[in-house]
Amino acid sequence: MSKTALITGGTKGIGRAIAETFAQNGYNLILTYSSDSKAAQNIVQEIKNTYTVEVDAIKADSTQSASIYHINTYLQDRDVFLDVVVFNAAITLRSSFEDTIFEDWDRVFYANIHFPVFLLQKIINRINRGGSILFTGSLMGIQPHGTSLSYGVTKSATHALVKNLVKYLTPYDIRVNGVAPGFIDTDWQLTKPAEIRRNIENKIALGRFGLPQEIADVFLMLVDNQYFNGEIVKIDGGYSYK
Ligand SMILES: NC(=O)c1ccc[n+]([C@@H]2O[C@H](COP(=O)([O-])OP(=O)(O)OC[C@H]3O[C@@H](n4cnc5c(N)ncnc54)[C@H](OP(=O)(O)O)[C@@H]3O)[C@@H](O)[C@H]2O)c1
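Written as structure tokens, this is what we have:
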């Protein structure tokens, strides 16, 4: 029987690579995105052209509580049951500590933590027994970094959420794991100035940014290997502060 995966932020970067990897493995897909409908249509078409799976993209900005209702209604109306849910969408905030205002801080926490928790609460009965929940964490949630306080703290919270959820998901026979990527070549990183990218590369033992596909492979492994539960897999090419 075919399986279905819901992937938030599934139309670009790491989420897109996860979507392609799961499509390759026979999963029907529901992808969410926040604003770029053209990119969403492109990935939907590309997957339809390449794999014999069903795929759809829903505009559902995870900074908005209405998106929880929207996703849940989409699943209810089509009577979709899920086997995999990937909470991948996240936002950051780059203002300095001194200039950070509460509303912006709150928005990062809403998108990165509150949204997945309350979406999960809403759709838990639509996740099949034996299913898997996955979160995209970050190296920044393990090794504090000076670029965004709210991002680092919410990614640490993502890792804590994975571990705390195990107990709550066990009665549903659902596993939960996370992946903590280092620096990965997506739009998020490609927009950084060349000098900053070089500084980062110099701190990575392998001397390069990771590829979205290298991260997606770990997500698939966490679903396929059914003894992983409550784990955060760090994948960073051997990053260390120098
Ligand atoms: N790239 C890295 O180096 C790196 C490292 C560690 C962790 N991560 C984590 O990996 C995840 C994906 O990052 P990425 O680098 O792949 O980003 P990306 O290439 O910028 O792709 C982001 C994806 O998420 C969607 N998205 C963005 N904001 C959203 C929102 N508010 N609501 C719903 N969807 C939203 C985007 O849709 P639109 O285009 O429509 O906005 C797009 O599909 C994030 O959780 C990030 O924290 C990334």
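For the numbering used here, count along the sequence shown from 1 and bump the result up by 26.
Just so it is clear, CB atoms sit at the ideal spot from N, CA and C, and this is done for glycine as well.
Please read these numbers as outputs of a predicted model, since none were measured by experiment.
Taking a cut-off of 8 Å on C-beta distances, the segment 32 to 41 touches the segment 102 to 114, as three or more cross pairs fall below it. Assignment of Leu101 by DSSP, reduced to helix, strand and coil, places it in the helix class. DSSP, reduced to helix, strand and coil, places Gly39 within a helical segment of the structure shown.
The shortest C-alpha to C-alpha distance from Ser164 to any of Trp214, Ile127, Ser61 and Leu145 is the one to Trp214.
Taken from the Cβ of Tyr59, at least one heavy atom of ligand 1 lies inside 6 Å. Residue Ser88 holds the alpha-carbon nearest to the alpha-carbon of Phe144 among Ser88, Lys74, Gly256 and Asp130.
C-alpha of Thr196 to C-alpha of Thr173: approximately 36 Å in a straight line.
Residue pairing from DSSP places Phe161 in a beta bridge opposite Phe113 and Gly204. The nearest non-hydrogen atom of ligand 1 is less than 6 Å from the C-beta of Thr89. The three-state reading of DSSP puts Arg234 in coil, since its state is none of H, G, I, E or B.
Between Asn54 and Val79, the gap from beta carbon to beta carbon is short of 7 Å.
Per DSSP, the beta bridge partners of Lys260 are Ala206.
Between the beta-carbon of His185 and that of Ile258 there is about 5 Å, and that keeps the pair under the 8 Å contact cut.
Contact check for Ala183 against Ile139 passes: the beta carbons are separated by less than 7 Å. Annotated as distal: Phe254 and Val205, with beta-carbon spacing of 7 Å or more. Contact between Gly36 and Ala49 does not hold, since their C-beta atoms are separated by about 10 Å, which reaches or exceeds 8 Å. Here the alpha carbons of Arg133 and Arg223 stand approximately 27 Å from one another.
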